[in-house]
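Q: Sharing a structure with you now.
2 protein chains.
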Amino acid sequence: MNVYDAQSDFLKAISHSTRLAILDILRDGEQCVCHMEATLNLRQAYISQQLMVLKQAELVDSRRDGLNLYYRVIKPEIFALLDTLPSITGVLPKKPKHKHANAECPCPKCAEGVVKPQLIQI
Amino acid sequence: MNVYDAQSDFLKAISHSTRLAILDILRDGEQCVCHMEATLNLRQAYISQQLMVLKQAELVDSRRDGLNLYYRVIKPEIFALLDTLPSITGVLPKKPKHKHANAECPCPKCAEGVVKPQLIQI
DNA sequence: ATACTATATTCATAATCTTGAATATAGGTG
DNA sequence: CACCTATATTCAAGATTATGAATATAGTAT
Chain H
1 MNVYDAQSDF
11 LKAISHSTRL
21 AILDILRDGE
31 QCVCHMEATL
41 NLRQAYISQQ
51 LMVLKQAELV
61 DSRRDGLNLY
71 YRVIKPEIFA
81 LLDTLPSITG
91 VLPKKPKHKH
101 ANAECPCPKC
111 AEGVVKPQLI
121 QI
Chain E
1001 MNVYDAQSDF
1011 LKAISHSTRL
1021 AILDILRDGE
1031 QCVCHMEATL
1041 NLRQAYISQQ
1051 LMVLKQAELV
1061 DSRRDGLNLY
1071 YRVIKPEIFA
1081 LLDTLPSITG
1091 VLPKKPKHKH
1101 ANAECPCPKC
1111 AEGVVKPQLI
1121 QI
């Protein structure tokens, strides 16, 4: 396995729109699967499949806290690469960054950071 | 097509060991197909196939000069991305850079840059 | 025009990727 | 233990990619 094989293996692991979206979510630090599910509006099994691809490529690792599994990027150098993409594709991301505050997300991290919409009783 | 689709399309185009090697050869500027053939020791038809992939992805373009077609990278930003790869894969390239001087290569650029081995007449 | 050279295209098959559906598992809670 | 919740795995079919072989084409030179 030469230099280019190693590089193409890595690139193949991230050459996928959902996996790129997941990595972007992990920019702010570790997040649980259910948060990705709520943020990306994709089914849990599918996200888990993509996470396994990233894990086998040794790009992410996970940590359990109670019921939740929190994933994080192992090598922050990956973000330096991701940052070069907009200038190449010419498509700039609309949202400046992923913000961790999603009212649809049931995970503990979201629960503490979000002001839940109050149900008004009449 | 969202931001991540555009990015993954680009990444897929370069996620291939031969295409990465071709891009590396093009760091020094345009090169003809026969030069890649000699440098990579791969068959012409195969290299041409990979060049078509890069061309369709609008990463390279070509220019004819006599019999030879010279390919070049359109967006130099690509090299900034390629430069981030060694720190991620942990595998550093052996040769510092591609040098254009290959005695096996019949192309005009090589012919002028290389001191051909002299045949000693006895 | 003919022949040659450099490069491109077509075809076919094996391998790999994509993705949805269904199901399994592991850990926590009562 | 029984059940719930969060996450993982397996399966399968279709799509795409990888790659070798054979062949075509477009310029060039004579």
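If you read the protein sequences in the order shown, they are chains H and E. For the record, in the first sequence the residue sitting at position 107 is 107 according to this note's numbering, with numbers rising by one throughout. In short: position in the second sequence from 1, add 1000, done, that's this note's numbering. Glycine included, each C-beta is placed from N, C-alpha and C at the ideal position. A quick note: this is a predicted structure, and the numbers were derived from the prediction, not measured.
#1: Identify which residue in CYS110(H), ALA6(H), MET52(H) has its Cα closest to the Cα of LEU23(H).
#2: Taking GLY1084(E) as the query, report the chain H residues whose CB atoms sit under 7 Å from its CB, ordered along the chain.
#3: So which of ILE1074(E), VAL1003(E), TYR1070(E), PRO1106(E) has the shortest CA-CA distance to ALA1057(E)?
#4: Indicate whether at least one CB of chain E lies closer than 8 Å to the CB of LYS12(H).
#5: Can you name the start and end residues of the beta strand (DSSP E) that SER1062(E) belongs to?
#6: For the stretch 1033-1049 of chain E against the stretch 1002-1009 of chain E, do three or more pairs of beta-carbon atoms, one drawn from each stretch, fall closer than 8 Å, so that the two count as touching?
#7: For LYS19(H), I'd like the list of residues in its chain whose CB is within less than 8 Å of its CB, leaving aside the five on either flank, ordered along the chain.
#8: What would DSSP say about LEU69(H), mapped onto helix, strand or coil?
#9: Please list, in chain order, the chain H residues whose beta carbon lies closer than 9 Å to that of ASN1041(E).
#10: Looking at the structure shown, is CYS1107(E) part of a helix, part of a strand, or coil, going by DSSP?
#11: Using a Cβ-Cβ distance cut-off of 8 Å, determine whether HIS1035(E) contacts chain H.
#12: Could you tell me whether the Cβ of HIS98(H) comes closer than 8 Å to any Cβ of chain E?
#13: Kindly list, in the order they appear in chain H, the residues whose Cβ is closer than 7 Å to that of PRO1093(E).
#14: Along the stretch 17-35 of chain H, what residues have a CB closer than 7 Å to any CB found in chain E?
#15: Is any beta-carbon of chain E found at less than 8 Å from that of ILE74(H)?
#16: Determine the burial state of LEU1081(E): buried for a count of at least 16 other Cβ atoms within 10 Å of its Cβ, exposed for fewer.
A: A quick look at the data gives this:
#1: Looking at the Cα atoms, MET52(H) is the closest of the given residues.
#2: It is Thr, not Gly, that sits at residue 1084(E) in the sequence shown. Within 7 Å Cβ-Cβ: GLU77, ALA80, LEU81, THR84.
#3: For the residues ILE1074(E), VAL1003(E), TYR1070(E), PRO1106(E), the minimum Cα distance to ALA1057(E) belongs to ILE1074(E).
#4: Interface residue (Cβ-Cβ distance to chain E less than 8 Å): LYS12(H) is classified as such.
#5: Unbroken beta strand (DSSP E) run through SER1062(E): 1060-1065.
#6: Judged by Cβ distances under 8 Å, the stretch 1033-1049 of chain E makes no contact with the stretch 1002-1009 of chain E, as fewer than three pairs qualify.
#7: Here residue 19(H) turns out to be Arg, not Lys, going by the sequence shown. Once the five neighbours on either side are set aside, the close Cβ partners of ARG19(H) are ALA13, GLN50, VAL53, LEU54.
#8: LEU69(H) sits in a strand when the DSSP states are folded into three classes.
#9: Within 9 Å Cβ-Cβ: nothing; ASN1041(E) doesn't reach chain H, min ~12 Å.
#10: DSSP places CYS1107(E) in the coil class of the three-state scheme, outside both helix and strand.
#11: Cβ-Cβ to chain H under 8 Å: no for HIS1035(E).
#12: Residue confidence for HIS98(H) is low, a pLDDT of 47 falling below 50, so the modelled location carries little weight; the figure read from the coordinates is stated next. HIS98(H) is outside the set of residues whose beta carbon lies under 8 Å from a beta carbon in chain E.
#13: When 7 Å is used as the limit between beta carbons, PRO1093(E) is near these residues of chain H: VAL3, in chain order.
#14: Residues SER17, LEU20, ALA21.
#15: The Cβ of ILE74(H) sits no closer than 8 Å to any Cβ of chain E.
#16: So LEU1081(E) ends up on the buried side.
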